[in-house]
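**Student:** So the protein lines, in turn, are chains D and Z.
Residues -12 to 693 (the numbering used here) make up the first sequence, in order.
Residues 10 to 152 (the numbering used here) make up the second sequence, in order.
Encoded as structure tokens, here's the structure I'll be asking about.
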Amino acid sequence: MMIGLRLKHSVKYLNIGIFLILAVIFLLLQPYHKLSTNLLSLLPQNEESKLLKIYEAFKSSHEIIVAVKGSDEKAYKNIKELEQRILANDFIELKQNFFTNEHLKSYIKKYQFYLQNFNEQNLDETEILGKLQKSYKSLMTNPLYSSVDKIDPLKLFSRDDIAFPIGLKNGHLFLDDYGYMSIFTFKAGTNQQRVYNVFEKEITPETKIFGPLFYFVENAAKIKSEVNYLVMAGMLILIVLYFLILKNALLLTNTILTLLSSSMLALIAVTLIWDEVSVFVLVFGMAISTVSIDYMFHHYFCGFYEKKVGFNRSVFYGFLSTFLAFFIVSFVDFPFIRQVSIYALISLSSSYLIFAFIYPNLSFTYPKTEINLPSLNLFKAKYYKYFVFILIGIISFLSVILSMDLDIKNLDYKNVKLKNLEEFFSEKLGSSGKIPFIIKAKSIDTLIEKSRAIKALHSEAIVPLSNLLSQEEFQHRKEVFSKINFLHVRDKIVDKANTVGFRKDFFAHAYSQDLLHVKSPHYEIDTVRQLGFDVVSDGRDYFTYGLVLKDTKLEGVYFIDSTRLFKNSLEAVNTELLYCGVLILFSILLILRLGAKNSFYKSLSFVLFPLASTLFIISFNPINIIQIFMLFVIVSLSIDYGIYMSEASISKQSKRAILFSLLSTFAGFGILIFSSIGALFYIGEVTITGLVSVLILLVMGTKNEN
Amino acid sequence: MTKFFLILLLGCSLFASESFKETRYIYSIDKEIHYEGEITFAQDSIKIEYTKPTHQIIDYSSEDENAQKKYFYLIVKSIHDDNQVLLNDFFSESADGNATMLLPKELLGDFIKKVRFKKDKNSLEFLQIYMKNDDWIKIETLR
């Protein structure tokens, strides 16, 4: 008897106990560190998404460009002072350019006969004499100062004209029609926010600063602040609802603890399975919580917490149908879908178990609230059947005409300011209209060969590594040189130069054997990086990058295009999604048949009407993955409403439960329609449409049937 | 009216041309070559009009494609304008008798050994550029 009483007494603290245990585990494991605002975390980890990550690892992805307006002395002074201020931070470095990289300079000097074009020509005595005389005359008469190349006096070698998009003014990088420019990089592993802070305070109307990390930092901050806002708003609305309408502080405290426990448990589980979890999973998780609040409201309003009236069958069927829907979807092989499903399954199960089996032991008093929804009684019970068929027709039609929006960037924060800056620099640096691609090879040498082959075919492409010499070309050039007696050529030059008037032995090192018979180049990843080129390796393969005009057909390279990657990944799971949809539909029908025997069509209309209205609203534009997933949440919510509304005897309480559930969901998530982040906006849009539809059905529908 | 004359005077001093003689030593042929002409400094360019031995005009600016022309402009213009920011960036400065010696830092060091010049008040007396290939160019203004 005593043990029984103690057990009963301790059950009262079970909810708090669960919360405390989970909070300790949560703080120990810190799963929130695995939350990522990077949209890439939504994508499956396949070969292509791996390449996207490799692209982010290139040093050029870490570049920050600074441009100070003006070409006068003041502007020059400004950029120099700005450089000094920024370089005072030891984790930031000034990018070595072509003109100042000593490693590159000595490489070019060493392989000058191999890197330049070789113009094989007549090398007889008359020709040599003529050329030397021409050079001598130019030195004597041309007022524009020039000198004679003592290594290549016959000009057998020539360099291709390289059109540098960035000019030099006073020896400093200069952007045409704008001003002086500097390019910075930062040491690997440096906290991006720290780097951002250094540059952010230098931004003025005259100083433009841009780097890919700006998107990462600014968008992540924006997404995080809006997600935090969502969490805070949800909590605040709950508090207002409970205090002003229900006036039950104990229920409020317990519900908040339960929802937090479920969210913590779900997040811990998901982050134990995956190393990187999209922050949008958490946002969906919050949306899912509103479904579980529903379980509490229904138990509460139907008096299950006041006195033990047994097992609430309706809530169980509601939970079961939602559980089944997410369970089926969790088999789709797409990490984001799987993460959301697993999160939902764990969060919903945990909340349901606590609301259904622990709360009845906590004895919450049923409130004497007079709030009721009006019923216009426009729908007679028999009309629901026809209504359902019309809805099925509308949904089928809309499903056929809908098109998918596969541009993942539409889900991100539309950072117009950074977009404009990026466009400004792309245009000035000649990369506008070009898309990046990755070249992959088993060795650095093959990587260089591939780069040179691409550059040879597409002269407008920017392929940095094509400036290096490949083994193949080295051997080929060596063979060409072996057929020419350069020693003999040199002797003739020395001999003729004397007669023309050049200093004795001035050309003694012309076509030097040291430069002609130089050792073949050997590349290691570190030496290539020292030369200023971006190459990364995953231990098996080597990668570098290039830029090419959009729509260029290129074989054997990987284009870096998140939209295409997202599209391919989604298309790969298209059939799975379709099968899941059909399975979910059948399971809903089955559960409604079981749970809502009395008014099957009425219950079904509570599922189909919100679905049809939402589909209609979102069908004006191509729909995206977030909207599809929110449709699942709306269907999960409306199944519950459908089942509750089938309860003939307690319809008034059911309506009240639905009303409060609608209010909390509406206030918590409807407000997101004002969000500037694509993903959050779509959540708000679908939530509002779905909830308004349920409200319309509640008001327009039949009065309490029994 | 006073302002107008002041502006006119300033304009005249900025764009006034100066006569000069240039001696160029070319190591490869071990010869000195002599030129004479007029040099005019504008806001963003230098115009050199050679009158001897033949008549020819050469314009220099910081946006020249030719690297040697670009560097020549940078040196002559910075010294003429007394642009300390640029000079300090590209050279380390020291006194050499009653003249000034400039030793190039990284970028110009590939082409130039040193630069010597002397200014009397604000006008240039002479400027001598010693090239890496042992050539040198000396420009002296004539008054």
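Quick reminder that beta carbons are idealized off the backbone N, C-alpha and C, glycines included.
Find the nearest neighbour of Tyr287/D within the set Ser276/D, Val302/D, Ile275/D, Ala274/D, judged by alpha-carbon distance.
**Tutor:** That would be Val302/D, whose Cα lies nearest to the Cα of Tyr287/D.
**Student:** Measuring alpha carbon to alpha carbon, tell me which of Ser586/D, Val316/D, Tyr94/D ends up nearest Ile571/D.
**Tutor:** Ranking Ser586/D, Val316/D, Tyr94/D by Cα distance to Ile571/D puts Val316/D first.
**Student:** Chain D beta carbons: is any one of them nearer than 7 Å to that of Asn142/Z?
**Tutor:** By this cut-off, Asn142/Z is an interface position.
**Student:** Does the distance between the C-beta of Leu534/D and the nearest non-hydrogen atom of the ligand SAH fall short of 6 Å?
**Tutor:** With respect to small molecules bound, the structure shown includes none, and the ligand SAH cannot be examined in it.
**Student:** Counting only Cβ pairs nearer than 7 Å, list the residues of chain Z close to Leu131/D.
**Tutor:** Simply Ile67.
**Student:** Closest Cβ-Cβ distance between Tyr194/Z and chain D: below 7 Å?
**Tutor:** Outside the displayed range of chain Z (10 to 152) lies residue 194/Z, so it cannot be described from this structure.
**Student:** Does the beta carbon of Phe135/Z come closer than 7 Å to any beta carbon on chain D?
**Tutor:** No - not a single Cβ of chain D is within 7 Å of the one on Phe135/Z.
**Student:** If we ignore side chains and look at the alpha-carbon of each, how far apart do Lys96/D and Glu41/Z end up?
**Tutor:** Those two C-alpha atoms are separated by around 30 Å.
**Student:** Report the start-end ranges of each beta strand (DSSP E) in the region 116 to 176 of chain D that is 3 residues or longer and not cut off at the edges.
**Tutor:** If we require 3 residues or more, the beta strand (DSSP E) runs fully inside the region 116 to 176 of chain D come out as 154 to 156, 159 to 162, 166 to 173.
**Student:** Considering only the beta carbon of each residue, do Ala623/D and Thr676/D sit closer than 7 Å?
**Tutor:** The amino acid occupying residue 623/D in the given sequence is Ser; Ala does not appear at that position. Cβ atoms of Ser623/D and Thr676/D: not closer than 7 Å.
**Student:** Compare the C-beta of Phe489/D against all C-beta atoms of chain Z and say whether one is closer than 7 Å.
**Tutor:** Yes, its Cβ sits closer than 7 Å to a Cβ of chain Z.
**Student:** Would you call the region 423 to 440 of chain D in contact with the region 455 to 463 of chain D, where contact means no fewer than 3 C-beta pairs closer than 8 Å?
**Tutor:** Counting Cβ pairs under 8 Å, three or more are found: they touch.
**Student:** Could one say the Cβ of Tyr44/Z lies closer than 7 Å to chain D's Cβ atoms, at least one of them?
**Tutor:** Closer than 7 Å to some Cβ of chain D, the Cβ of Tyr44/Z qualifies, so yes.
**Student:** For Val55/D, which beta-bridge partners are listed by DSSP?
**Tutor:** According to DSSP, which records beta bridges pairwise, Val55/D is partnered with Tyr167/D, Thr194/D.
**Student:** Thr87/D touches chain Z at which residues, Cβ-Cβ below 8 Å?
**Tutor:** What Thr87/D touches in chain Z: Glu115, Leu116.
**Student:** Should the region 155 to 174 of chain D be called in touch with the region 107 to 124 of chain D, which here means at least 3 C-beta pairs below 8 Å?
**Tutor:** Counting Cβ pairs under 8 Å, fewer than three are found: no touch.
**Student:** Alpha carbons only, please: which of Phe489/D, Tyr42/D, Ala448/D, Leu474/D is nearest the one belonging to His496/D?
**Tutor:** Residue Leu474/D is the option with its Cα nearest to His496/D.
**Student:** Could you tell me the alpha carbon to alpha carbon distance between Thr486/D and Ile38/Z, rounded to whole angstroms?
**Tutor:** Distance between the alpha carbons of Thr486/D and Ile38/Z is about 11 Å.
**Student:** To be precise: take each residue of the region 101 to 129 of chain D, compare its Cβ to all Cβ atoms of chain Z, and keep it if any distance is under 8 Å. Which residues remain?
**Tutor:** Result list: Tyr123, Leu126, Met127, Thr128.
**Student:** Please say whether Leu444/D and Phe554/D have beta carbons closer to each other than 7 Å?
**Tutor:** For clarity, residue 554/D is Lys in the given sequence; the question names Phe instead. Taking 7 Å as the Cβ cut-off, Lys554/D and Leu444/D do not qualify as a contacting pair.
**Student:** Check whether the region 365 to 384 of chain D touches the region 576 to 590 of chain D, counting contact only when three or more Cβ pairs, one atom from each stretch, lie closer than 8 Å.
**Tutor:** Yes, they touch.
**Student:** Identify the continuous beta strand (DSSP E) that holds Ala428/D and give its terminal residues.
**Tutor:** Its beta strand (DSSP E) spans residues 421 to 428.
**Student:** Taking a cut of 8 Å between CB atoms, which residues from the region 91 to 111 of chain Z lie near chain D?
**Tutor:** The region 91 to 111 of chain Z vs chain D, Cβ under 8 Å: Asn92, Val94, Leu95, Asp98, Phe99.
**Student:** Using a cut-off of 8 Å between C-beta atoms, extract the partners of Arg33/Z located in chain D.
**Tutor:** Within 8 Å Cβ-Cβ: Tyr132.
**Student:** Please determine, among Asp399/D, Leu682/D, Glu447/D, Gly526/D, the residue with the shortest C-alpha to C-alpha distance to Ala207/D.
**Tutor:** If we check each option's Cα against that of Ala207/D, Asp399/D comes out closest.
**Student:** Using a beta-carbon distance cut-off of less than 7 Å, what residues from the region 56 to 69 of chain D approach chain Z?
**Tutor:** Under the 7 Å Cβ criterion, the region 56 to 69 of chain D contributes Glu60, Tyr63, Lys64, Lys67.
**Student:** Going by C-alpha to C-alpha distance, which of Asp492/D, Ile604/D, Ala253/D, Asp501/D sits closest to Phe271/D?
**Tutor:** Here the closest residue by C-alpha is Ala253/D.
**Student:** Run down chain Z in chain order and give the residues with a C-beta less than 8 Å from the C-beta of Phe201/D.
**Tutor:** Those do not exist, as Phe201/D stays about 28 Å from chain Z at its closest Cβ, beyond 8 Å.
**Student:** For Gly582/D, count neighbouring C-beta atoms within 10 Å of its own C-beta (all shown protein chains included) and say buried if the count is 16 or more, exposed if not.
**Tutor:** Buried, because 16 or more other Cβ atoms sit within 10 Å of the Cβ of Gly582/D.
**Student:** List the residues of chain Z whose Cβ lies closer than 7 Å to the Cβ of Lys396/D, in chain order.
**Tutor:** The premise fails here: Lys396/D is roughly 38 Å from chain Z at the closest Cβ pair, so nothing lies under 7 Å.
**Student:** Decide if Phe342/D is buried, meaning its Cβ has at least 16 other Cβ atoms within 10 Å, or exposed.
**Tutor:** Counting Cβ neighbours within 10 Å, Phe342/D comes out buried, since at least 16 surround it.
**Student:** For Asp53/Z, count neighbouring Cβ atoms within 10 angstroms of its own Cβ and tell me buried if that reaches 16, exposed if not.
**Tutor:** Asp53/Z is exposed by the Cβ-count criterion.
**Student:** Mind pulling the chain D residues with CB within less than 7 Å of Glu72/Z?
**Tutor:** The contacting residues are Gly154, Lys156.
**Student:** Could you give the DSSP three-state label for Leu238/D: helix, strand or coil?
**Tutor:** Three-state result, Leu238/D: helix.
**Student:** Do Glu112/D and Lys479/D come within 7 Å of each other at the CB atom, strictly closer than that value?
**Tutor:** Going by C-beta atoms, Lys479/D is nearer than 7 Å to Glu112/D.
**Student:** Any chance the region 68 to 81 of chain D sits against the region 105 to 123 of chain Z, with 3 or more Cβ pairs inside 8 Å?
**Tutor:** Cβ pair count under 8 Å is below three, so no.
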